[in-house]
Each structure stands twice: as C-alpha cells, then as structure tokens.
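The next block holds one structure in the form of structure tokens; read it before the comments.
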Amino acid sequence: MFHRNALLVLALALGTGAAAQAPARIRVDQYALPNGLKVQLVEDHSSQVVAVDLWYDVGARNEVRGRTGFAHLFEHMMFQGSAHLKKTEHSNLIERAGGQDNASTQYDITYYWEVLPSNRLNLALWLEAERMRSLAVTSENLKNQIETVKEERRLRVDNPPYGKAIWEGTLQAFDSVRCFSYGHSLIGSMNDLEAAKVEDVQAFFRQYYAPNNVTLTVVGDFQAAEAKRLIADYFGPIARQPAPPSVACEQPFNSGALRTRLTDAKATLPAVLLLYRVPPTSHADAPALDLLATILGQGESSRLNRVLARETKAALATQALMNPFGPRRGPGMLFALGIANQGVAIDSVEKLLAVEVERVATEGVTEAEVTKAKNQFRATKVNERQQAFAFAEAVQYAALYLGSPDAVNTDLDRYLRVTAADLKRVAATYLRRENSLTITVVPEAK
Amino acid sequence: MRPTMPRLALATALRAALAPTGAATLATLATLATTATLATTAATLEAQQFPTAPPAAGPIKPAPFPPFLEATLGNGLRLIVVENHKLPVLSVSLAFAAGGRYDPPGKPGTADLVAALVTKGAGSRDADGVAAAIEGVGGALTAGADADFLTLSANVLSGDAALAFELMADAAIRPAFAEKEVELSRTQALSALQLEQSQPDAIASRFFAKALYGEHPYGRRADPASVKAITRDDLVAFQRARLKPSGALLVLAGDITLARAKTLAERAMGAWAGTAAPAAAPSAPPVRSAAEIVLVHRPGSVQSNILAGNLTWAPTDARAYAATLANKVLGGGGDSRLFTILREQKGWTYGAYSRLARFRGVGYFQASAEVRTEVTDSSLVELLAQLRRIRDEPIPAKEFDDAKSALVGRFPLQVETAAQVASQVSTARLLGLPNDYVQTYRQKLAAVTVAAARSAATAAVRPDQALIVVVGDGAKVYEKLKAVAPVRIVAPDGAALTAEDLTVKTAALDLAWDRLVARTDSFTILAQGNPLGFQRSTLEQADGGWKYTEDVQISTFVQQHTEVRFTAKLEMQSVLQTGKQMGQDTKIDVTYSGGRAKGTAATPQPQGGIKTITVDAELPAGAVDDNLVSVILPALKWTSGAKFTVSAFQSGKGTATAIAIAVSGEESVKVPAGTFDAWKADVTGGEQPLTVWIEKGGAHRLLKLAFPGQPVEMQRVK
Numbered sequence: 003m004f005h006r007n008a009l010l011v012l013a014l015a016l017g018t019g020a021a022a023q024a025p026a027r028i029r030v031d032q033y034a035l036p037n038g039l040k041v042q043l044v045e046d047h048s049s050q051v052v053a054v055d056l057w058y059d060v061g062a063r064n065e066v067r068g069r070t071g072f073a074h075l076f077e078h079m080m081f082q083g084s085a086h087l088k089k090t091e092h093s094n095l096i097e098r099a100g101g102q103d104n105a106s107t108q109y110d111i112t113y114y115w116e117v118l119p120s121n122r123l124n125l126a127l128w129l130e131a132e133r134m135r136s137l138a139v140t141s142e143n144l145k146n147q148i149e150t151v152k153e154e155r156r157l158r159v160d161n162p163p164y165g166k167a168i169w170e171g172t173l174q175a176f177d178s179v180r181c182f183s184y185g186h187s188l189i190g191s192m193n194d195l196e197a198a199k200v201e202d203v204q205a206f207f208r209q210y211y212a213p214n215n216v217t218l219t220v221v222g223d224f225q226a227a228e229a230k231r232l233i234a235d236y237f238g239p240i241a242r243q244p245a246p247p248s249v250a251c252e253q254p255f256n257s258g259a260l261r262t263r264l265t266d267a268k269a270t271l272p273a274v275l276l277l278y279r280v281p282p283t284s285h286a287d288a289p290a291l292d293l294l295a296t297i298l299g300q301g302e303s304s305r306l307n308r309v310l311a312r313e314t315k316a317a318l319a320t321q322a323l324m325n326p327f328g329p330r331r332g333p334g335m336l337f338a339l340g341i342a343n344q345g346v347a348i349d350s351v352e353k354l355l356a357v358e359v360e361r362v363a364t365e366g367v368t369e370a371e372v373t374k375a376k377n378q379f380r381a382t383k384v385n386e387r388q389q390a391f392a393f394a395e396a397v398q399y400a401a402l403y404l405g406s407p408d409a410v411n412t413d414l415d416r417y418l419r420v421t422a423a424d425l426k427r428v429a430a431t432y433l434r435r436e437n438s439l440t441i442t443v444v445p446e447a448k
Numbered sequence: 068m069r070p071t072m073p074r075l076a077l078a079t080a081l082r083a084a085l086a087p088t089g090a091a092t093l094a095t096l097a098t099l100a101t102t103a104t105l106a107t108t109a110a111t112l113e114a115q116q117f118p119t120a121p122p123a124a125g126p127i128k129p130a131p132f133p134p135f136l137e138a139t140l141g142n143g144l145r146l147i148v149v150e151n152h153k154l155p156v157l158s159v160s161l162a163f164a165a166g167g168r169y170d171p172p173g174k175p176g177t178a179d180l181v182a183a184l185v186t187k188g189a190g191s192r193d194a195d196g197v198a199a200a201i202e203g204v205g206g207a208l209t210a211g212a213d214a215d216f217l218t219l220s221a222n223v224l225s226g227d228a229a230l231a232f233e234l235m236a237d238a239a240i241r242p243a244f245a246e247k248e249v250e251l252s253r254t255q256a257l258s259a260l261q262l263e264q265s266q267p268d269a270i271a272s273r274f275f276a277k278a279l280y281g282e283h284p285y286g287r288r289a290d291p292a293s294v295k296a297i298t299r300d301d302l303v304a305f306q307r308a309r310l311k312p313s314g315a316l317l318v319l320a321g322d323i324t325l326a327r328a329k330t331l332a333e334r335a336m337g338a339w340a341g342t343a344a345p346a347a348a349p350s351a352p353p354v355r356s357a358a359e360i361v362l363v364h365r366p367g368s369v370q371s372n373i374l375a376g377n378l379t380w381a382p383t384d385a386r387a388y389a390a391t392l393a394n395k396v397l398g399g400g401g402d403s404r405l406f407t408i409l410r411e412q413k414g415w416t417y418g419a420y421s422r423l424a425r426f427r428g429v430g431y432f433q434a435s436a437e438v439r440t441e442v443t444d445s446s447l448v449e450l451l452a453q454l455r456r457i458r459d460e461p462i463p464a465k466e467f468d469d470a471k472s473a474l475v476g477r478f479p480l481q482v483e484t485a486a487q488v489a490s491q492v493s494t495a496r497l498l499g500l501p502n503d504y505v506q507t508y509r510q511k512l513a514a515v516t517v518a519a520a521r522s523a524a525t526a527a528v529r530p531d532q533a534l535i536v537v538v539g540d541g542a543k544v545y546e547k548l549k550a551v552a553p554v555r556i557v558a559p560d561g562a563a564l565t566a567e568d569l570t571v572k573t574a575a576l577d578l579a580w581d582r583l584v585a586r587t588d589s590f591t592i593l594a595q596g597n598p599l600g601f602q603r604s605t606l607e608q609a610d611g612g613w614k615y616t617e618d619v620q621i622s623t624f625v626q627q628h629t630e631v632r633f634t635a636k637l638e639m640q641s642v643l644q645t646g647k648q649m650g651q652d653t654k655i656d657v658t659y660s661g662g663r664a665k666g667t668a669a670t671p672q673p674q675g676g677i678k679t680i681t682v683d684a685e686l687p688a689g690a691v692d693d694n695l696v697s698v699i700l701p702a703l704k705w706t707s708g709a710k711f712t713v714s715a716f717q718s719g720k721g722t723a724t725a726i727a728i729a730v731s732g733e734e735s736v737k738v739p740a741g742t743f744d745a746w747k748a749d750v751t752g753g754e755q756p757l758t759v760w761i762e763k764g765g766a767h768r769l770l771k772l773a774f775p776g777q778p779v780e781m782q783r784v785k
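Taken in order, these protein sequences are the chains called F and W.
For the record, in the first sequence the residue sitting at position 140 is 142 according to this note's numbering, with numbers rising by one throughout.
For the record, in the second sequence the residue sitting at position 603 is 670 according to this note's numbering, with numbers rising by one throughout.
The following block contains the structure:
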C-alpha cells in the first residue's frame, strides 16, 4: 500500500507519462580528419534546417598577462575577410541565403556558427574552412577591430547598469596570480590590445586557430555522405599545428570572505551580488549546483523572488545564476543578485540575500522545489532539441565537458538523480561565507 | 561576445549587461589587403583545389507542412491543431479580438493591463500559485496584447497538456484581478511609460502612430494619465466583454492529437459561452496629399530619430508578397540599400531600415534611421531619394535574386519549434489570410517578378505623401528641414511650438539684485539616504566683480573644483573647472569676452571616457555660465506659480541652452540645516531635469536638490 502510494505521488509530481517525457536517444557520428579536426554529425530530417557549429579550444583562459583580450579580439577578426572574402562578406552571404550567423567568446572556448536552410550546407562549410585557412590578420584589420572592441566594451560593460560589476567585479573571486586564466577580464585590457603587435596576433591565430584545435558539429537536415565529402575537401588540406600549451589554475576556495564596492554611473538603484566559487563544469556536484541556482533565483516562484521581491519588497528584482560567462574546465561561480527597491538601503538587501542563500545549507530544500527544478531542466533539455543550433551546442557541450558527444543522451539523468540531501550538502559545501565575494554597487551621484 | 547562460527571466538591467552581441560588423567596407595569409606551405600547394568562390546552392527542398486539423467547439471556439510527434513538446496559443483598439474611450492601455494581469492569479490560484504551477513543470505561460488581439500562450512538455489548458482557461474565464496585483501592474506600466519619455525612438513611434492614423484606433497609445485612470472595474468589464469563446482562436502545435485537444478543450472551456461584440467601424485615418514633417523638439539631442512612411493596405492584399520583396531590397536588414548607403557608405547612422507593418485593418510602411544631429537633413533627403528609387527603377537582377533568396531561404528557420509554428498559424488565421498561407508562402514569394515588385512598391511606398517624424534638437535642424517639406513643430508632450520657441531666449533676467550677496553654503550629497559626499561653495567679491568657488567631493570617485568670475552686472568673464572622475582628469577652461565663449573642455562622456572639445561659440546676451544657476536661484522673484527662463551657457558642452524653472508647489522640507517652508520647482533644459526646494522666507536659499527618478540628492547643511 505504502509502496504504491509513494509511486503514485512520485508519478504525479513528475507529471504524467514521465518516461514519455524523455527525448529519444541520439546517435552522434564522430570521427577525426588526419589533420586532427574533430567532426560530430547528427542527422535530423524533421525540418529543413542545418546548423554548423565550430568550437575552437581557445578563450580568455589561454591568455597571458600583457596579452589579454586576444581571444575576444579574434571573434571580431574572423569576420574581417580572408583570401577570397571581403570584410563582412561572410555574414552577408549567410543573410542572402536566408541564414543566421554569430560568434561568441567565453573563458574556455570561442564558437562560430551558422544556421541555414538545408540546401546551403556547402556554403557554411566553405565559409568556415575559408577563414580557418586564410584569415587576413593585417595591421589595418587589427587596428579597426581594436576600435570595435572598445566600442563593444562601452556597449556591454560600461553602458548597461551593473555591467562593470558583472564583467569585472566578479573576477575578484579568482586569484589573479595563481589563477590568472579565470581571474582576468574576458574583454581584456584596452592597454594590452593597443600594445599588441600584428606578429603576436598572427602567432596567436596560428597556434589556436588550427584544425587540431577545433571540433566541428553539424546537426539537421543533411546527408552524412555528402557532409563528410565536403568536410574532407574543404578542411582536409589545412595543416595541423603543434598543440597549444595547457592551462594551469590553482584556486583556493575557502580563503575567507571578500568584499568590494563599486560605483556605477548607469545604475539608478543600488544592487548587491553574492558570489560563491564552484568547481568545474565536469565535477560531480555541478548538476546539484545548477538545480540550486534555479531553486534560489530563477523565476517568479524562486526563493529570492518570493522573499525579497514579493514578501519584503526589499528588491526590485532578484536572480541567481551559474557561470554567466559559460561552462569551464576551471573554477566557476554561482551568484545571487538583488537590485534594491527605491528607498531601501542596500545593507538590508544584502542581509536578506545572505540569509536566504545560507538557509539552504542549514534547512535544505523542499521536495516540491527539487521536482520543480528538475522539471525545468527536463524542459530545457527537451526544448533544445527543437532547434538544430541549440542541439548542436548541446552536443558540443557534452563532448567537451562530459567526456563524449554521446553524453548528450545522459546529461538529463545526472540532474534527475540529484536528491534533496545532495542539494543541502552542496549548499553547505560551497555557499559558505568564507568562500564568498560580496559586491555592492552604488549609483554614482552626478 | 555572447556568454552561454541558463534561461533568464529578469530585470532588464541584468539582461542588458549580458545580452549577446551580433557578429562584428561595425567596420566600413574596404577592399581586402593583399598581404600574406597564414596558410602554411602545405595548404598553399592545395590551394588550387579549394574553391575560390562560395559554392552554389543545392536545389531547395520542399518544406512540407503538416496538415491543419480543425474543429469548432459547441460554444464557437475555433480549434486548429498542427501535429508533430517528434518531441514531447506542446505550444498552445489562445487569441481573442481584444487588443488595444477595444480600449474604452479615454482609457488606452486597458487591454495591455488586462493581458498583464490574467496570469497573475485566476481560479483557485493567486499570482504565486500560478507561477508555482507553471514553473513547477518547467513550462511558460505568458499573455500580451497588440492593437487587434489579446493572446495567451503556454509552452509545456506534452505530458502537462491538461495543466496548460487548466491555467489558460482560468486566466481567460476567471482571472482574479486582485487589487494588489492591479496596483503592481499599474506601477510597472507607469515606470515603463516614464522610461519611454527619455527614449527618442519611443517618442517618434508614438507621434508617428498618432499622426498617421488620426482618430482611427490604431493611432492610440497609453499615457500616464490614462493608465492612472483605469479602474479595476474597467479591467473586469473588458475581460467579461471581450474574452469570449465565440470569435476566439485556439491553436496547438506539437505532440497532441486533434481528439485529445478537443477533449481537453471541452473539459476546460466547454461550459464557457458568449460572443464578443464586433469592432466598431473605425474612423478613417487622415488622407495625405503631400509630405509633412512633424518635428518633436528635444533641446540638446545629439541624435535625430527619423521615421517616414504611409498607410498601405489590408493584410490580404495580393500585392503583399511583391511589396515584401521590394522592402527587403530597400531596408530589410544589413544587406539593404538604406543600411548600406546611410551607414556603410556615408557613416551617418548606426542603422537605417524599413518595414511593412500589418494589422487586421489597414497597415503601414515605415522607413527609420537614427542619425547624428548635424546630418539630419542630408539623411532625410537621401532616405527619401531611396524611397523614390525603389518605385522608379526596376531592381537589378542580382539584388533582386539575393533578396528573394534571403526571404525564401529563411522560412524553414521560422518554423523549427512548436512555438514558432503555433505563432505563424495563429497570426495567419487571425489576419484573415487564406487557409494555405503558411504552406504556400515560400512558393508565392519565389514567384514574384521584378515588374511586380516595382508595381507593388509604387503602391506601398509613397514619399510624396509621406508622414515624416523627426525627434531631435529643433534649434539645430528646423531651418534645414523646412527645405525638405513643410514642418510642424511640437514639444514632446504634444504642445504646439513656433519657430521662436526653438531659440534660446536672450531676455535679461529680472533679479532681486539685493539677494546676490557674499555668502558660503554647504550641502551634503546623499545616495539612497546614505551620505556620499559634499558640496561647498563661496560667493565673494573679487576684482570689482564676483568670484564663485565650488568644491564637490563624492566618495572617492568624483572631485571637482570650480571657479567662475563675473561682473557686478552678471556679465560672464571666465570659468575654470578641474577635477577627477573615476580616476580620469576633467577640465573646463573657458573665457567669456566680446559676446563669445572660447576655450577647451574635457568632460566625461555618457558612453565612457573623457572627450576634449574646443569651445568657440556665441554667448547669448544675458546668458550665465551653467555653474551659476544655483547662485541665481536665490535672486529670482519667487511666488506661487512663478516661471522663469534662464539663458545658460553649458561650458562643458560649448553650447547655450534655455533653463526653465517652474514652481510646482510648496511643502515643508527637512534638511540638516533645519526644517523650512519651501517652494518646490522643476528645472528643465539642462543636462538632466532637477527638482529644487527654495526657502520661502527671506534669503530664498536653496535647501534641497534632487534628480527625479534617481535616489541621489543634495541637502543644505548650513
């Protein structure tokens, strides 16, 4: 009787037909070219779309002191022309084919992607091979793109309220000497970029933008035989380069509570960020930490929103996030943010935030919260299969952080296995005062 | 740069900080340098095998659309199901003819508020309960209203279909409209409107809609007064009258069968009955026979926002496909004429675009550009020239084919997800488009000819009868705009202005000179009630005239020392200001002589950094250095309802402006120096609007200064 009731409760809690709610297993066709280029293919003929997604194993983590900002600079340089393409022609060609393209720099990787109607797969592959083999790294392009990066810094970091706190304040959690990789700004120092010589930049490209340092994933409506032929023809002749140096980071966790205070000319209300160091994305505790961030601060029914925004009205808005700069093979961050309501002192917001975060470590979470967070991850994992590009990213993520692209089939299971006890333990392990950085942001008086 | 991150649902501040960037496209077009590439020798040998040009497209595959399965419930609710069982996802859309056009007279914004509130508590659940229910299953529930329709949407895993129906039915049939939630939504709507008032693109859009549509409901927009006037009874009445099953459209896309959809719909909504009244016949929009410019004057604007357009047709018009193609060439993206010419070639703007807007009724064409003030007229002239060109010249083959390829090509990307499918199907049906619109869209577009595109452009794009809205600094652009088309000048609040209103008043100030006396003042500067710094100033006689010295310190981040010298008759002589802001040096060094201001100014820019400019400008008669406004305040003749205009020279910007001071009331104010009865006055026309409190008694000292909307203020200490 008890047994049956428990099962019924569980079934109801997880929604009817829980088994039916898991997506079908996907087989990833994976291989490597002789020059080291890793390829991952997933055919899916349910729509007439194909996504081409390249993850270069280079990001801010690979930069050294005095040469920061190179990884992000390259995200821009890659659109500035090559042997057979003029500046911006890459994006124009994709647009004319009805596609979309973009790129992004993180600490661990830089990725480039295109989504196109299926009859244009050859265009995306040609464009990616073209810039990998013959990108124009010239003084003129370098100078132009440094200006563009400065403009972007203004747009992303300086202009939006709380930009500095997020892009730069959070770095103070990482040891800038022993973990320089994750302890310097993703956008880099403008001084370093201005001092960059074109020879240094060319050397960086040669070392990191080599076929043996890339994983190419294609998802969607294509034929494997044709895709393989195109990949071999376009990318095969590009020569491999020596493997880049490995990255080291030593980061103590519980070294004592840190505090910092920033003023912000763009903010009209003060805010507080409570940041905690967390282990790398591949760590066994990572799924529990993701669930914890959701329970604490995602959505209207999250703890922070209910207590700080709706009940006490201390905060205008709250949020908890894991790794806003992307997953990583080094230490990461979980942070809780509260923006104070008009007339509320930031100290009280900080206190309320800290109390709610630490409450999880002492009191744990409810079964309803665990179920909700798991359901949200389940929905995310299912929904990402609706779009070729989103799924390509999931396959790339599984390959780099979970050990194999096939892990895209088992990623959800890691979340579903987490228990309330795990969440309490993980909160007690990482969400500790002595592992924290508190950033207070105050509007700058004019 | 775009960091990958989990789903966010939150304050725009954080979203803006973490928003993705597009591909780097800010550099101007230039030919590729012929300097060496990085290909190694091995790759160079192989180069002849690598195609030197992009490969040609393969044949377009047909994009089969699943059939629409349709049914109508007994209560008139129409149901469309588009089945796709690949993944266990379901998207549900429930739309009503309940958009802004149905707002009660004098209360625009009602439909928006109803949409904001129906998901904030309904049936047995309050707002927290609804959020917990939908978030508990990892789903999403949203509602929104446009001019024609109010739409509820739910996205869930298909196993939770029953819950989605329950929540949507509750929201539509029995929303709670709890007082607390009504007031919260009202506050949010008012905050959004207040923010809009500082955004020139939103201002332009509002004026465009109103002037283009006149008394037609599509011209209406909510404003603070109307949002404050809407009562809970209005919201309930709107929902009861307009959210009815007959006339509504329920669309489901994803993992569900028609049979199951009907069962769930019957269970959740079968007992619901009623028909919403049809729309009243709208007033006809004004007919335009000539181009007209509406100039919305925002003094000090460094940019002008331009909108130019005209009415078009109903969405079922057969010319729509051809017009879409012509519009793509003209201004439909980064590869279009407006963008390429105005941005890439001339460098006048960050972006110039055009679009065709659709409503259930008559839609419109609109071209837009945000340009630097100095090139406002040139930009408008070029923009209008391009509008003429798309009508007068057939589109060359390559441009035409590229545009067609882009529009036809992108369609599969627009129907990848269940939510996209539900939205496309719903929109097509609500706009009265043929049943096979979605399925035949690509082929109809592919069949458009150059001649048809030109003919459609002639009907859709009419520069000679265009309504042109320009939001910018009228003083700088009015004269040149007059040469383009007749100009009507208005203030952002809609009040009519004349050309004289644009120029800075040079009338002498009517001052009580006996209140211009030597003194020392001291203020504390507070942020959120916490002391952050101080301002100390001294006015003393020097060299036969006056010397005003001011020192400001804000935390460790701002220090400023200012000295202004002027004669006994308030004629300006010089200003010297030095300081540090966030570690960077600022300086203003300007001399006033012979009716001119000359010098240099290095001041912080809104987008960061310090910019140095040369100042060499006419000093209007009677103008004072803007640092002296606080010196003059005590000497004004304060009474109830008083209004003053002070001509001020902004030495940091090198331009003159008219500062308007208007008494808005009186109240008691408590500052460290004591408690006083004070005049409260609004000060506008400077860098930022201010509110000041002036001692009613004797010396009319400045007691307090605040910045509306910001938690920073200055209070008198002594």
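Note that the Cβ used here is the ideal one computed from N, Cα and C, for glycine as well.
Values in this document were obtained by computation on a predicted structure and should not be read as measured data.
Have a look at residue i and residue j and give me their C-alpha separation to the nearest angstrom.
i: residue 422/W; j: residue 433/W; result: 6 Å
i: residue 2/F; j: residue 179/F; result: Nothing about residue 2/F can be read from this structure; chain F reaches only from 3 to 448.
i: residue 108/W; j: residue 646/W; result: The predicted position of residue 108/W is uncertain, since its pLDDT is 36 and thus under 50; a value taken from the coordinates is nonetheless stated next. Roughly 57 Å between the two C-alpha positions.
i: residue 311/W; j: residue 303/W; result: 13 Å
i: residue 155/F; j: residue 172/F; result: 16 Å
i: residue 162/F; j: residue 71/F; result: 20 Å
i: residue 771/W; j: residue 716/W; result: 23 Å
i: residue 165/F; j: residue 159/F; result: 4 Å
i: residue 745/W; j: residue 703/W; result: 14 Å
i: residue 92/W; j: residue 395/F; result: Note on residue 92/W: pLDDT 23, under 50, position unreliable in the model; no value is reported.
Please compile the residues from chain W whose C-beta is within a distance smaller than 8 Å of the C-beta of residue i.
i: residue 347/F; result: 595, 596 and 597
Is it the case that the Cβ atoms of residue i and residue j are separated by a distance below 8 Å?
i: residue 278/F; j: residue 433/F; result: yes
i: residue 316/W; j: residue 493/W; result: yes
i: residue 221/F; j: residue 390/F; result: yes
i: residue 232/W; j: residue 332/W; result: yes
i: residue 63/F; j: residue 328/F; result: no
Listing by chain order, which chain F residues have their CB less than 9 Å from the CB of residue i?
i: residue 442/W; result: Those do not exist, as residue 442/W stays about 19 Å from chain F at its closest Cβ, beyond 9 Å.
Please list the partners that residue i has in chain F, where partner means a Cβ-to-Cβ separation under 7 Å.
i: residue 622/W; result: 265
Is the region 401 to 419 of chain F in contact with the region 229 to 246 of chain F, if contact means three or more CB pairs nearer than 8 Å? no
At what residue ranges does the region 679 to 732 of chain W contain a whole run of the beta strand (DSSP E), taking only runs of 3 or more? 710 to 717
So does the region 142 to 159 of chain W actually touch the region 257 to 275 of chain W, counting three or more Cβ pairs closer than 8 Å? no
Taking contact to mean 3 or more Cβ pairs, one atom from each stretch, closer than 8 Å, check whether the region 409 to 421 of chain F and the region 282 to 296 of chain F are in contact. yes
Which runs of the beta strand (DSSP E) spanning at least 3 residues fall entirely within the region 394 to 437 of chain W, listed in chain order? 416 to 424
Decide yes or no for the touch test of the region 180 to 188 of chain W against the region 371 to 382 of chain W: beta carbon pairs closer than 8 Å, at least 3 of them. no
Touch test, the region 74 to 85 of chain F against the region 137 to 145 of chain F, Cβ-Cβ under 8 Å, three pairs minimum: yes
Unbroken alpha helix (DSSP H) runs of length 4 or more, entirely within the region 153 to 237 of chain W: which are they? 177 to 184 and 194 to 203
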